[in-house]
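What follows is a short report on a single structure.
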Amino acid sequence: MRGQPRVIQVDGTTILRGLMFSESEEETLLHLAACEKIELNSTTQDWNLILRGLMELSRRAGSQPMNGEELKQLRISLPVNFT
Numbered sequence: 490m491r492g493q494p495r496v497i498q499v500d501g502t503t504i505l506r507g508l509m510f511s512e513s514e515e516e517t518l519l520h521l522a523a524c525e526k527i528e529l530n531s532t533t534q535d536w537n538l539i540l541r542g543l544m545e546l547s548r549r550a551g552s553q554p555m556n557g558e559e560l561k562q563l564r565i566s567l568p569v570n571f572t
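Residue numbers (this note's numbering): 490 to 572.
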């Protein structure tokens with residue numbers, strides 16, 4: 490429909506790469522969605538994959554994992570519709 494942003498279905502791996510790799514195609518997708526040029530849709534299962542990925546990265550880095558409130562804020566701030 491004219492005037493509506495293009496809708497793209499993305500998986501958790503794509504979102505996680507967009508968060509982790511600067512100037513990647515995945516980061517560009519997140520940026521375009523934040524600017525409302527496109528709309529990104531994903532599943533709640535993909536959100537769980539993102540959580541597991543973030544926890545594993547924290548574990549490997551030996552750093553403190555994100556707490557529940559930080560994860561909640563991340564989910565709210567991501568320009569992705571999780572359904």
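Beta carbons are placed, not taken as given, at the ideal position from N, Cα and C, and that holds for glycine.
Taking all protein chains shown into account, decide if S531 is buried (16 or more other Cβ within 10 angstroms of its Cβ) or exposed. Numbered from its first residue, the sequence shown carries residue 531 at position 42. Buried, since its Cβ has 16 or more Cβ neighbours within 10 Å.
Output the distance between the C-alpha atoms of L538 and E512, rounded to the nearest integer angstrom. Here residue 538 corresponds to residue number 49 of the sequence shown, with the count starting at 1. Here residue 512 corresponds to residue number 23 of the sequence shown, with the count starting at 1. Whole-angstrom Cα-Cα distance: 22 Å.
Spatial neighbours of A523 within its chain, please: CB distance less than 6 Å, with the 5 preceding and 5 following residues excluded, ordered by chain position. Along the sequence shown, one-based indexing puts residue 523 at 34. Cβ neighbours of A523 beyond the five flanking positions: P568.
Rounding to the nearest angstrom, what Cα-Cα distance links I504 and L518 in this structure? On the sequence shown, position 15 is the one that residue 504 refers to. On the sequence shown, position 29 is the one that residue 518 refers to. The alpha-carbon atoms of I504 and L518 are separated by roughly 9 Å.
Any idea what DSSP makes of L574, helix, strand or coil? Nothing about residue 574 can be reported from this structure: the residues present for the chain run from 490 to 572 only.
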